[in-house]
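Numbering (full-length UniProt numbering), first residue to last: 1 to 317.
The beta-carbon is built from N, C-alpha and C at its ideal position, and this holds for glycine as well.
These notes are about the structure you will find just below.
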């Protein structure tokens with residue numbers, strides 16, 4: 001076990017939450033603790049499943065391997081509040097945030113923790129996603145510094161964070177209950193920058209750090225392991241898809257909230273958005289000419305953070 005806590009949030013997710021818990025317990029590098037935060041589930045099936053998980057942990061029916069499994073129940077307040085509640089209860093320097101309907105691949109902690117332990121300027125780390133459900137694909141977010149994040153989200157919601165970075169930036173915005181709260185959180189961490197210098201977090205990690213990238217050493221950044229280590233469930237009603245209908249309003253909120261950051265990186269924001277638009281235009285022009293190769297490639301590797309994955313789910317539905 002290592003100095004990592006896994007925070008799993010759940011709201012009316014029925015038996016899916018058990019898969020998330022089992023994936024956290026199956027890590028090759030085990031966490032010290034798992035905290036399940038139920039955000040006021042009111043479906044009896046979900047309540048029963050959560051109760052059964054706790055009973056199984058207490059009585060040995062679910063092998064925890066010495067990992068402490070704790071449960072927090074709160075009145076429904078949204079995903080941001082649930083994540084903040086769990087992270088606040090964590091006592092380790094590193095915290096994995098996991099939605100209750102997704103799963104970690106066995107080496108997620110093993111591969112993402114070293115990015116944080118060897119690079120003090122990295123505030124979070126994550127990995128590519130393998131989607132299942134409606135969409136079968138590998139999604140390849142890139143991570144990066146603030147300049148990369150102003151045009152689109154470059155990191156999955158499932159990630160490992162420095163708890164100190166969460167505390168420094170004020171955590172997840174609990175007023176955001178319609179989506180993009182993870183993107184906003186990453187912007188907040190990157191905007192808050194670094195504090196405490198080298199050695200701020202003291203924990204031992206394992207694994208190859210070859211995917212840490214060449215991000216600027218003097219800027220806070222987020223690292224991505226270039227392999228699929230997250231199993232992401234896709235469905236037409238998921239928040240990732242439904243939030244796209246409010247994308248412009250949500251982006252306006254982000255820009256206003258992070259006004260100074262966007263002002264400082266206005267060139268990055270405009271050029272990043274333009275690059276996405278040019279890619280989409282080229283793709284659809286190719287499709288109009290009757291070439292199916294482009295659409296097949298897009299469905300295999302939908303883009304992340306700019307509506308691409310949501311579009312692929314809609315096309316496949």
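Going by C-alpha positions, residue 186 is about 12 Å away from residue 305.
In the three-state reduction of the DSSP assignment, residue 62 falls in the coil class, being assigned neither a helical nor a strand state. In this structure the segment 73-87 does not touch the segment 104-124; the number of beta carbon pairs closer than 8 Å is below three.
Separation of residue 283 and residue 124 (C-alpha to C-alpha, rounded to the nearest whole angstrom) is 32 Å. Relative to residue 81, the option among 170, 224, 109, 189 whose CA is nearest is 170. The beta carbons of residue 86 and residue 17 sit no closer together than 7 Å. Using a 10 angstroms sphere on the CB of residue 104, the tally of other CB atoms reaches 16 or more, which defines it as buried. A residue is called buried once 16 or more other Cβ atoms fall within 10 Å of its Cβ, and residue 110 is buried on that count.
Per DSSP, the beta bridge partners of residue 70 are 35. Across the structure, residue 312 and residue 231 are spaced so that their CA atoms are roughly 16 Å apart. Taking 7 Å as the cut-off, the Cβ atoms of residue 93 and residue 126 do not count as close. The residues 5, 68, in chain order, have a CB closer than 6 Å to that of residue 33 in the same chain once the five nearest residues on each side in sequence are set aside. Residue pairing by DSSP puts residue 234 in a beta bridge opposite 133.
In the three-state scheme derived from DSSP, where H, G and I count as helix and E and B as strand, residue 30 is classed as coil. Using a Cβ-Cβ distance cut-off of 8 Å, the segment 245-254 and the segment 172-183 are in contact, since at least three pairs of beta carbons, one from each stretch, lie closer than that value. Shown here, residue 177 sits in coil according to DSSP, grouped into three states, outside any helix or strand. Taking 8 Å as the upper bound for CB-CB distance, residue 150 and residue 268 are in contact here, some 5 Å apart.
Selection 72, 263, 162 evaluated against residue 119 yields 162 as nearest (Cα-Cα). When secondary structure is reduced to three states using DSSP, residue 114 falls in the helix class. Excluding residues up to 5 positions away in sequence, 283, 308, 312 lie with their Cβ nearer than 8 Å to the Cβ of residue 298 in the same chain.
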